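Have a look at the structure below, then the notes.
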Ligand SMILES: [Zn+2]
């Protein structure tokens, strides 16, 4: 595939995925960013501050793997979190970062990594072929110092492996896969799991309140 063809294909795929994610309400108010690997040296990524549900060709730019613009457009502040993943693992072909309500709620509630087990939808993740597997994703504190956050992510992955996703507290979700199709499948499965986690937590808190009420009565 020549360079122009590969960038054009990446643009089409990012625009399509943006419309699909926007319809779900997971990238409100120009938040979020989406990228796709072009080769070892470059990726295509959304330009800072664009409406992700109505992306145009000019809203997708090229950066190198240090997050520097290759075409004069301004990359998102969070570009370094995408390029950290591409540099770390050559098999990663696409990265999706979203700002859903459920990702934000769970990230504010969790006081450590978030885990799931025993759920059929865990099979949506690459390398998991049974509901008996389990999935754990870390939660990092939010910061405007993206280079420091990228270092922190790198440090976690050096110890625990690349995994499939992480949360940033009060902010949102990052997930990735070998290509855009797999990454979107991971995102949709994670949104289901975050919703499940949150609803389970709410039921548990309601049960505790009920028990406390019974104890007082
Ligand atoms: Zn963000």
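Numbering (the working numbering), first residue to last: 54 to 270.
Don't be surprised by glycine CBs; every beta carbon is placed ideally from N, CA and C.
Quick caveat, the model's predicted, so the values are computed rather than measured.
Considering only their Cβ atoms, is the gap separating residue 146 from residue 262 smaller than 8 Å?
no
Using only the alpha-carbon positions, how far apart do residue 85 and residue 106 sit?
11 Å
Hey, would you say the C-beta of residue 224 is under 7 Å away from at least one heavy atom of ligand 2?
In the structure shown, ligand 2 is absent; the only ligands present are ligand 1.
Under 7 Å: does the beta carbon of residue 244 sit that close to some heavy atom of ligand 1?
no
Just how far apart, CA to CA, sit residue 218 and residue 228?
4 Å
Report yes if the C-beta of residue 135 is less than 7 Å from at least one heavy atom of ligand 1; otherwise report no.
No, the Cβ of residue 135 stays beyond 7 Å of every heavy atom of ligand 1.
Count the other C-beta atoms from every protein chain shown that fall within 10 angstroms of the C-beta of residue 155, then say buried if there are 16 or more, exposed otherwise.
buried
Using the rule of at least 16 other Cβ atoms within 10 Å of the residue's Cβ for burial, across every protein chain shown, is residue 132 buried or exposed?
buried
Output yes or no for whether 8 Å exceeds the beta carbon distance between residue 158 and residue 190.
no
Here's a check: name, in chain order, each residue in its chain whose Cβ is nearer than 7 Å to the Cβ of residue 103, leaving out the five neighbours to either side.
Closer than 7 Å at Cβ, skipping near neighbours: 83 and 112.
Does the beta carbon of residue 254 fall short of 7 Å from some heavy atom of ligand 1?
no
On the three-state DSSP scale, how would you describe residue 220?
strand
What residue does the beta strand (DSSP E) around residue 149 start on, and which one ends it?
147 to 151
Compute the Euclidean distance between the alpha carbons of residue 81 and residue 199, then round it to the nearest angstrom.
21 Å
Locate the beta strand (DSSP E) running through residue 225, then write down its first and last residues.
225 to 230
Cα-Cα separation between residue 222 and residue 194, rounded to whole angstroms:
Between residue 222 and residue 194, the alpha-carbon positions lie close to 5 Å from each other.
Please name the residue in 65, 224 and 120 whose C-alpha comes closest to that of residue 196.
With distances taken between Cα atoms, residue 196 lies closest to 224.
Report the residue from 66, 214, 135 and 254 whose alpha carbon sits nearest the alpha carbon of residue 203.
By alpha-carbon distance to residue 203, the top candidate from 66, 214, 135 and 254 is 135.
Taking 8 Å as the threshold (C-beta atoms), are residue 126 and residue 114 in contact?
yes
On the DSSP bridge list, what partners appear for residue 126?
In DSSP, residue 126 forms no bridge with anything.
With DSSP as the reference, label residue 115 as helix, strand or coil.
DSSP places residue 115 in strand when its eight states are reduced to three.
What is the DSSP secondary structure of residue 72, reduced to helix, strand or coil?
helix
Residue 61 to residue 239, Cα distance in whole Å?
The alpha-carbon separation between residue 61 and residue 239 amounts to approximately 24 Å.
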